[in-house]
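A.B. asks: Handing you a structure now.
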DNA sequence: TTGACATATGTCAACGATGACATTGAATCA
DNA sequence: TGATTCAATGTCATCGTTGACATATGTCAA
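Chains as they are written, first to last, in my numbering: chain H, 1 to 331; chain G, 1001 to 1331.
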């Protein structure tokens, strides 16, 4: 900026005035400044500006478990567009689903003085240490899973009700033994909630709960193996419920390879080509873009000074019937 | 920091020394400072630090067209992990495939004084305006598509060779009329390259080129419609080549709904459930994680002072044979 | 003609941190 | 013992920018 000022023969302050439309500047001076700016390719230093005005960085920090996962990718996309409409920038880090990385990312973001945080908590993380920031008024929104040890806004899917609806759907087609393939670790919020929905549905229908029907697979491969284990049981399930998108994919692959078109399947979270699978996959669909947008709007309203109590937003799920969930129980 | 200093009864400089392990500090002082830091929940202000040391922001800016697209999501993931291993933060923006948004994002990143830029160029963008930064030594790497009007590093897939291999594969199964479903706009680098590969293969086999067999679909819906148009031709193709992942999905859906198991299909870019489709989808697979990592390494070596000539890295593709590409030409 | 007021610009300090250099006191050495 | 060295801390200026306030020039009504 000093360079520009020298080029024009004015003070930095005048250049600043031109660039920020702040205070009166002679038209001719303005033009000469703009010309010098272009000539020198000058770009204001946002860091210095933010520091001076004492403002926080015009950025919001986002922590997600995995960028490659389309669910979180879509969520991030929803957040980004909403947030950029307000001139804010998105800073992203992925925690690889570990509490340590999550905390270190958050520390980095705080050191950068981001204006707000949006966090998908990892299993086992504890957010008590964020109390100071909460009290200082920093907007913090938890996504997909609520905070632990901290009262804060959160936006989550209707996991329990959604899973329950999915299981009830299967029960409606005569299934009495329904396998559950869930996330690892079993303490993960979404896993627990969906599992509760599973049990709610069983109980509602007066069906017994059989621990042997509960399997775990934290990625597609593990879910595939878990599916095979379920099918190999003495009294195998006639239907499966896959509690997340990777589990669904693993189950689909396992059933397809085994040629088992007789086993019903409902997945939690939609998949891109679900409709052309054989049989087409019935799912309890989440709305990742909506989750992202709701979270972004919550953050923006907090930035606008909304100091009301912490909210938990439930984004409803939707059962999409395509075929795999409507296979009747034969045995 | 001043607060911490006052709490302990020393100067800010001493606190700075403790936190940066810079210069001698009495053990007792160090401990009291650390205690005060914890007590006050102090976190150093990275913006101020960067400004003072005149360093650029320890962040790299990434511009991708769409966060929800798993291809770019995976690329971003590869970059992020490589980059964070070096203590750098990733700032992401999506351009929605428009040159204007791309340029405004880059401007934001430059104003933040990022240490490097990684950009997936949008169709129609021109990067001449980045010359100043290039000359100033800012590492800029273009991803998936090369820069326009600027000599700079780039990392791209082996589009032309990959497409050629895919088409040759189809020709090998007797196909002589092969439909091409490409991106919009047709000027997009990846579209052009893959189209060239298509023509190379035809020419190599002495097959005629028929403009009527070239269709365009910029998303899944459009690709589905494009597929239907191709199938409705007087002399329809016996095989299809879908030039990107969304085009593949559209083609798969169209063929499945029409019950056309006789039309061969090869897609460019792999899909998650390709193997369980009916028939399983043969693809020319890209390696998005590798693309991201190669780009990140290139950036890091530039940050380490590598001033050699601009490089273009080609990440090879791989033909994955699954079934849909091996359907013989019947007509 | 003289304030009063608006316009155009400048001066200075400060945001939070650290580099360069100065100061203090104690230990070490010729 | 006085000079030398080093550890421990302080002082001051500065990074690029902008708020608060000051100054200079011109305009206009009384």
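Heads up, the beta-carbon is just placed ideally off N, CA and C, and yes, glycines get one too. As the structure is a prediction and not an experimental result, all values here were calculated from the model.
Restricting to Cα atoms, I'd like to know which of 301/H, 290/H, 270/H is closest to residue 322/H.
C.D. replies: Residue numbering aside, residue 322/H sits at position 322 when the first chain is read from its first letter. Residue 322/H has its Cα closest to that of 270/H, out of 301/H, 290/H, 270/H.
A.B. asks: Identify every run of the alpha helix (DSSP H) within the region 78 to 140 of chain H, keeping only runs that are complete inside it and at least 4 residues long; order them along the chain.
C.D. replies: 99 to 111, 131 to 135
A.B. asks: Taking a Cβ distance cut-off of 8 Å, strictly less, list which residues of the region 28 to 45 of chain H are near chain G, in chain order.
C.D. replies: From the region 28 to 45 of chain H, only 41, 43, 44, 45 have a Cβ closer than 8 Å to chain G.
A.B. asks: Touch check for the region 86 to 95 of chain H and the region 56 to 73 of chain H: three-plus C-beta pairs under 8 Å?
C.D. replies: yes
A.B. asks: Closest Cβ-Cβ distance between residue 67/H and chain G: below 9 Å?
C.D. replies: The residue you call residue 67/H lines up with position 67 of the first chain. Interface residue, yes.
A.B. asks: Answer with buried or exposed for residue 316/H, where buried requires no fewer than 16 other C-beta atoms within 10 angstroms of its C-beta.
C.D. replies: Locating residue 316/H in the first chain gives position 316, counting from the first residue. Exposed, since its Cβ has fewer than 16 Cβ neighbours within 10 Å.
A.B. asks: Below 9 Å on C-beta distance, what does residue 70/H contact in chain G?
C.D. replies: Counted from its first residue, the first chain places residue 70/H at position 70. Simply 1068, 1069, 1070, 1073, 1272.
A.B. asks: I'd like to confirm something about residue 270/H: is its beta-carbon nearer than 8 Å to some heavy atom of the ligand FAD, or not?
C.D. replies: Because no ligand of any kind appears in the structure shown, any question about the ligand FAD cannot be addressed here.
A.B. asks: Do you know offhand how far residue 1265/G's Cα is from residue 231/H's?
C.D. replies: Within the second chain, residue 1265/G is the residue found at index 265, counting from 1. Within the first chain, residue 231/H is the residue found at index 231, counting from 1. When rounded, the separation of the alpha-carbon atoms in residue 1265/G and residue 231/H is 33 Å.
A.B. asks: Using a Cβ-Cβ distance cut-off of 9 Å, determine whether residue 1277/G contacts chain H.
C.D. replies: By one-based count along the second chain, residue 1277/G stands at place 277. It does: the Cβ of residue 1277/G has a partner Cβ on chain H nearer than 9 Å.
A.B. asks: Can you name, in chain order, every residue of its own chain whose Cβ lies under 7 Å from the Cβ of residue 1101/G, other than the five neighbours on each side?
C.D. replies: In the second chain, counting from the first residue as 1, residue 1101/G sits at position 101. Result list for residue 1101/G: 1095, in chain order.
A.B. asks: According to DSSP, what are the bridge partners of residue 182/H?
C.D. replies: For the purposes of this step, residue 182/H is taken as the residue at position 182 of the first chain. Residue 182/H is bridged to 216/H.
A.B. asks: Report the neighbours of residue 1091/G on chain H: residues whose CB is nearer than 8 Å to its CB, in chain order.
C.D. replies: Reading the second chain from its first residue, position 91 is the one you call residue 1091/G. Ordered by position in chain H, the residues that pass the 8 Å Cβ test against residue 1091/G are 59, 89, 90, 91, 92.
A.B. asks: Excluding sequence positions up to five away, which residues of its chain have a Cβ less than 7 Å from the Cβ of residue 45/H?
C.D. replies: Residue mapping note: residue 45/H aligns to position 45 of the first chain, counting from 1. Contacts found: none.
A.B. asks: Using the beta-carbon of each residue, which ones in chain G are nearer than 7 Å to residue 132/H?
C.D. replies: As a first step, residue 132/H is located in the first chain; it is residue number 132 there, counting from the start. Simply 1041.
A.B. asks: Tell me, please, whether the CB atom of residue 1/H is closer than 9 Å to any CB atom in chain G?
C.D. replies: Indexing the first chain from 1 puts residue 1/H at position 1. No - not a single Cβ of chain G is within 9 Å of the one on residue 1/H.
A.B. asks: Consult DSSP for residue 1147/G and reduce its assignment to one of helix, strand or coil.
C.D. replies: For the purposes of this step, residue 1147/G is taken as residue 147 along the second chain, with counting starting at 1. Coil, per DSSP.
A.B. asks: If you draw a straight line from the C-alpha of residue 1276/G to the C-alpha of residue 1052/G, how long is it?
C.D. replies: As a first step, residue 1276/G is located in the second chain; it is residue number 276 there, counting from the start. As a first step, residue 1052/G is located in the second chain; it is residue number 52 there, counting from the start. For residue 1276/G and residue 1052/G, the distance between alpha carbons rounds to 57 Å.
A.B. asks: Determine which residues share a DSSP beta bridge with residue 1265/G and list them.
C.D. replies: Stepping through the second chain from its first residue, residue 1265/G is reached at position 265. BP columns for residue 1265/G point to 1240/G.
A.B. asks: Determine, for residue 77/H, whether the minimum Cβ-Cβ distance to residues of chain G falls below 9 Å.
C.D. replies: Within the first chain, residue 77/H is the residue found at index 77, counting from 1. Interface residue, yes.
A.B. asks: Are the Cβ atoms of residue 1152/G and residue 1176/G separated by less than 9 Å?
C.D. replies: As a first step, residue 1152/G is located in the second chain; it is residue number 152 there, counting from the start. As a first step, residue 1176/G is located in the second chain; it is residue number 176 there, counting from the start. The Cβ atoms of residue 1152/G and residue 1176/G lie no closer than 9 Å to each other.
A.B. asks: Which stretch, first to last residue, makes up the alpha helix (DSSP H) that contains residue 1016/G?
C.D. replies: For the purposes of this step, residue 1016/G is taken as the residue at position 16 of the second chain. It spans 1012 to 1020 - the alpha helix (DSSP H) in which residue 1016/G sits, taken as one unbroken run.
A.B. asks: If you compare alpha carbons, which of 1147/G, 1123/G, 1064/G, 1209/G is closest to residue 1099/G?
C.D. replies: On the second chain, residue 1099/G is found 99 positions in, with the first residue counted as 1. Comparing Cα positions, the closest option is 1123/G.
A.B. asks: To the nearest angstrom, report how far apart residue 1173/G and residue 255/H are at their CA atoms.
C.D. replies: The residue you call residue 1173/G lines up with position 173 of the second chain. The residue you call residue 255/H lines up with position 255 of the first chain. If you draw a straight line from the Cα of residue 1173/G to the Cα of residue 255/H, it comes to about 30 Å.
A.B. asks: On the premise that residue 1109/G lies in contact with residue 1167/G, defined as a C-beta separation below 8 Å, what is that separation, rounded to the nearest angstrom?
C.D. replies: Position 167 of the second chain holds residue 1167/G. Position 109 of the second chain holds residue 1109/G. Not quite, the Cβ-Cβ distance comes to about 39 Å (not below 8 Å), so this is no contact.
A.B. asks: So is residue 327/H buried or exposed if we call it buried at 16+ other beta carbons inside 10 Å?
C.D. replies: Your numbering for residue 327/H matches position 327 in the first chain. Classification of residue 327/H: buried, given that the 10 Å Cβ count is 16 or more.
A.B. asks: Let's test the definition: count the other Cβ atoms within 10 Å of the Cβ of residue 302/H and tell me whether it reaches 16, buried, or not, exposed.
C.D. replies: Taking the first chain and counting its residues from 1, the one referred to as residue 302/H is at position 302. Burial call: buried.
A.B. asks: For residue 1139/G, decide whether its Cβ has a neighbour in chain H, counting only Cβ atoms nearer than 9 Å.
C.D. replies: Within the second chain, numbered from 1, the residue matching residue 1139/G stands at position 139. So no, residue 1139/G is outside the interface.
A.B. asks: For residue 163/H, which residues of its own chain have a beta-carbon under 6 Å away from its beta-carbon, when the five flanking residues on both sides are left out?
C.D. replies: Locating residue 163/H in the first chain gives position 163, counting from the first residue. If we look at residue 163/H and ignore the five residues flanking it on each side, its Cβ neighbours are 194, 197, 198.
A.B. asks: Can you tell me the Cα-Cα spacing of residue 85/H and residue 1147/G, whole angstroms?
C.D. replies: As a first step, residue 85/H must be located in the first chain, where it is residue number 85. As a first step, residue 1147/G must be located in the second chain, where it is residue number 147. The C-alpha of residue 1147/G is placed about 27 Å away from the C-alpha of residue 85/H.
A.B. asks: Can you give me the Cβ contacts of residue 1319/G inside the same chain, cut-off strictly under 7 Å, excluding the 5 residues immediately before and after it?
C.D. replies: As a first step, residue 1319/G is located in the second chain; it is residue number 319 there, counting from the start. Closer than 7 Å at Cβ, skipping near neighbours: 1165, 1166, 1169, 1284.
A.B. asks: Starting from residue 253/H, trace the alpha helix (DSSP H) both ways and give me its first and last residue.
C.D. replies: Position 253 of the first chain, counted from the first residue, corresponds to residue 253/H. 245 to 258 is the extent of the alpha helix (DSSP H) around residue 253/H.
A.B. asks: Taking only the alpha-carbon atoms, compute the straight-line gap between residue 1034/G and residue 1010/G and give it to the nearest angstrom.
C.D. replies: Stepping through the second chain from its first residue, residue 1034/G is reached at position 34. Stepping through the second chain from its first residue, residue 1010/G is reached at position 10. Cα atoms of residue 1034/G and residue 1010/G: separation of roughly 13 Å, rounded to the nearest angstrom.
A.B. asks: DSSP three-state call for residue 226/H: helix, strand or coil?
C.D. replies: Reading the first chain from its first residue, position 226 is the one you call residue 226/H. In the structure shown, residue 226/H sits in a helix (DSSP, three-state: H, G or I).
A.B. asks: For chain H, find out if any of its Cβ atoms is closer than 9 Å to the Cβ of residue 1115/G; answer yes or no.
C.D. replies: In the second chain, residue 1115/G corresponds to position 115, counting from 1. Residue 1115/G does not count as touching chain H.
A.B. asks: Looking at the strands, I want to know which residues DSSP matches up with residue 60/H.
C.D. replies: Along the first chain, one-based indexing puts residue 60/H at 60. Note: residue 60/H sits in a beta bridge opposite 90/H, 116/H.
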